[in-house]
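Below you'll find the structure, written out as structure tokens, and then a few comments.
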Amino acid sequence: MLAVGTFGVLVIGPGIVGYIPIMIVGALIYMLGIELLEEALVDTWGKLHRLEYLTVVTIVVTMGAWDFVAGIIVGIILACVNFVAQTSQKSAITATYTGQVALSTVRRHPLHARFLREAGKQTFVIKLAGFLFFGTIVSVEKRIRGLVDAEAFSERPIRFLILDFLYVNGLDFSAAEAFTRLNRILKKKGVHMLVCGLDITGEVATSLQNVGLFGLDDAVEIFQDLNSALEHCENEALKAIHDHKETSPAGLSPSEGNLSKSVLWRCLLLK
């Protein structure tokens, strides 16, 4: 009926508006306002997240106290803040494990396999996912800094840190800069950062390249997949034990199967 009446006014002309009682026009506006308030505040009660509902209430109050445009601006700002607050609570790290759990698919000699399981303590893998930005990169940076913290590093030193970007679909400048800072910190501790799961021509790799993560100084090595990165770490560990056998005056025991943990540790001393 409202649509029919509106169309009738349109056809007849604006002159008929003068014959409509002001009380009816005021009541119509009042009813529309009540319906909008009910839709915004009552119907959404219990259906929205607490922060989202608080955003709606703030928008309504702002529109009532000032004007419609101010309410829209406040709503956009609060929506952005709400988005950052909610997404930052979800960690971008989907999984973490050491080289003792994650081994490459390369078939090794049994003695080498035993050695690599022990040496795997010094390889740490972090799998990342989602869009990395200033809200989610904080947890990643905190986790990596915790690995090289003085107390943690003295108890469990690492030699390789592998970051798997396979399920990362993008990152902003602040996140890319964070990885550059972390690489400098890791280099001071003698830890090598390795990156895998990246499309070299993709957006993520380009963003990291733009901040100099793959530059000549303190360059980070890139691998096609996690298996290739793990294989590289294993080869470096085997190379370390080979160099130790050549440089050690006493050499190793004839029975490599009885390699002690102290020998393994000396073979992989962080340089």
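Note that UniProt numbering numbers the sequence shown so that position 155 is 155, with each residue one more than the last.
We put the beta carbon where it would ideally sit given N, CA and C, even for glycine.
What residues are listed by DSSP as bridge partners for residue i?
i: residue 105; result: For residue 105, which the question treats as bridged, DSSP gives no partner whatsoever.
i: residue 87; result: For residue 87, which the question treats as bridged, DSSP gives no partner whatsoever.
i: residue 123; result: 160
Which residues bound the beta strand (DSSP E) around residue i?
i: residue 96; result: 93-98
Quick one: give me the first and last residue of the alpha helix (DSSP H) that residue i is part of.
i: residue 112; result: 110-119
i: residue 37; result: 22-37
i: residue 53; result: 50-65
Would residue i pass as a contact of residue j if the rule is Cβ separation under 9 Å?
i: residue 99; j: residue 234; result: yes
i: residue 231; j: residue 106; result: yes
i: residue 148; j: residue 191; result: yes
i: residue 145; j: residue 182; result: yes
i: residue 198; j: residue 102; result: no
i: residue 132; j: residue 175; result: yes
i: residue 163; j: residue 207; result: no
i: residue 116; j: residue 82; result: no
i: residue 136; j: residue 90; result: yes
i: residue 59; j: residue 71; result: yes
i: residue 121; j: residue 156; result: yes
Assuming residue i and residue j are in contact, meaning their beta carbons sit under 8 Å apart, how far apart are those beta carbons, in whole angstroms?
i: residue 94; j: residue 129; result: 5 Å
i: residue 189; j: residue 165; result: About 22 Å separates the two Cβ atoms, so there is no contact after all.
i: residue 55; j: residue 78; result: 4 Å
i: residue 214; j: residue 161; result: Actually they do not touch by this definition, with Cβ atoms about 16 Å apart.
i: residue 180; j: residue 202; result: Contact doesn't hold; Cβ gap of about 18 Å is too wide.
Please list the segments of the alpha helix (DSSP H) lying wholly inside the UniProt domain "STAS" (125-233), counting only runs of 4 or more residues, in order along the chain.
-> Fully enclosed alpha helix (DSSP H) runs of 4 or longer: 137-147, 150-155, 173-188, 203-210.
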